[in-house]
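Below is one structure, written out as structure tokens, with a few remarks after it.
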Amino acid sequence: MRLATLRLAANANATAAVRVDSDEFATVIEGFADLSELLADPDWRTIAEAADGVGVVLAGAEYAPVVPKPSKVICVGLNYATHIKEMGRELPAYPTLFAKFPEALTGPYDDVVVPSYAAAQCDWEGELAVVIGRTAYQVDEADAEAYIAGYSVINDYTMRDYQTRTLQWDQGKSFEKTAGFGPFLTTTDSYTFGSTLETKLEGRTVQTTTTDDLVFEPAELIDYISHIVTLQPGDVICTGTPGGVGHARKPEVYIQNGETVEVTIEGLGTVRNKTIVK
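Going by this note's numbering, the sequence shown opens with residue 246, and the numbers climb by one from there.
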């Protein structure tokens, strides 16, 4: 099953949670303005499967961030073996965690507007996002999959100069409305883990790997994180990026004004954002 949050043409500030029935059509899940609200209901899966609301034609539909109001967005740094090696580091014993504020999320096809003062070292980081489906605290790895609602695609858009100002990364990771997120939440029964992730800059492939190159897979991350803090329904774990980021290239390559970054994960969809420097 695929789910999404769509903006309503009649009201720019209103959204609706929908079940995506095909590439052409979706069904409104009545009573839920977005997937954040839907996932907060313990019966979200049954509600979504049974929805028989208004039909929506997806051609020309405007997608909001797929889960627009998570209580937490937890990111994992250095979690693909290829990326760790290109950064000259050893494989970690524990996940490297940092936060991305929910305000950083934007729609999967929205323009990403970057302030000119932060545009010098804009970088791409295509990632698999894990969305939590039920409250998780001190969950063991063996049981963790039952706590996953599904998977999505995110670009952990990074301002490298801000990131490297201090030892703490958050400041380079949470610029307002810079992380394209979506377009769908694909439930666990509809996605085969280990599919191909590909990032393109202006149509040129800059990252490609399979998601099973992760050092810490989703179940391990849920185990580790949930022994620190309670994961709430709708929370997002960004699982890390593979090798090929611009900052690690020689010479470095950064996203320029007007350039488009596209992140595709086979079986999950594509995030495509044009960069506008203002």
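Cβ coordinates follow ideal geometry from the N, Cα and C atoms, glycine included. Keep in mind that this is a model prediction, so the values were computed, not measured.
Residue of the options minimising C-alpha distance to residue i
i    : options                   : result
A259 : M246, A293, E307 and D286 : E307
V375 : L251, I470 and H492       : I470
A326 : L459, C367, L442 and Y354 : L459
V490 : V359, M332 and I510       : M332
T437 : S419, I510 and D356       : I510
S267 : D279, K418 and M246       : M246
R405 : T411, D388, G417 and Q413 : G417
P478 : T453, K523, D279 and A363 : D279
G427 : G305, T515 and A262       : T515
S281 : K523, V481 and D368       : V481
R379 : I329, P315 and R410       : P315
L350 : A295, T403 and D468       : T403
T453 : D434, Q501 and E507       : E507
D434 : E390, A262, I329 and L412 : E390
S440 : T456, L284, L336 and A309 : T456
Y407 : E386, P360 and E443       : P360
E465 : R494, T411 and P340       : P340
E386 : L476, R264, L323 and P463 : P463
F343 : V358, L323, K422 and E335 : L323
DSSP beta-bridge partners of residue i
i    : result
R494 : Its beta-bridge partners do not exist; DSSP assigns none.
D368 : T403
E507 : K445 and R517
T454 : L442
I393 : I377
G300 : T272
A249 : V263
I482 : I319 and V375
V398 : L373 and G427
V522 : V359
Secondary structure of residue i, DSSP reduced to three states
i    : result
G305 : coil
L284 : helix
A271 : strand
G417 : helix
T431 : strand
L476 : strand
G319 : Per the sequence presented here, residue 319 reads as Ile, with Gly not at that position. The answer is strand: DSSP assigns I319 an E or B state.
A424 : strand
I292 : helix
L459 : strand
I500 : coil
C-beta atoms of residue i and residue j nearer than 8 Å
i    : j    : result
T250 : V311 : yes
C483 : D415 : no
E348 : L303 : no
L430 : A381 : no
K534 : A424 : Within the shown structure, residues of the chain are numbered from 246 to 523, placing residue 534 beyond reach of any answer.
E504 : L446 : yes
V318 : F461 : no
Y354 : R252 : no
T272 : G298 : yes
V474 : W369 : no
V384 : I467 : yes
A338 : F420 : no
L248 : A293 : yes
I521 : D356 : yes
G488 : K330 : yes
L413 : H492 : For the sequence presented, residue 413 should be read as Gln rather than Leu. Contact: no.
Y396 : L513 : yes
A309 : G352 : yes
H328 : T486 : yes
I274 : A262 : yes
The ligand NAP heavy atom lying under 7 Å from the CB of residue i
i    : result
F438 : Ligands displayed in this structure: none; no statement on the ligand NAP is therefore possible.
- Item | In chain order, each alpha helix (DSSP H) run of at least 4 residues that lies wholly inside the stretch 324-389 | 326-331
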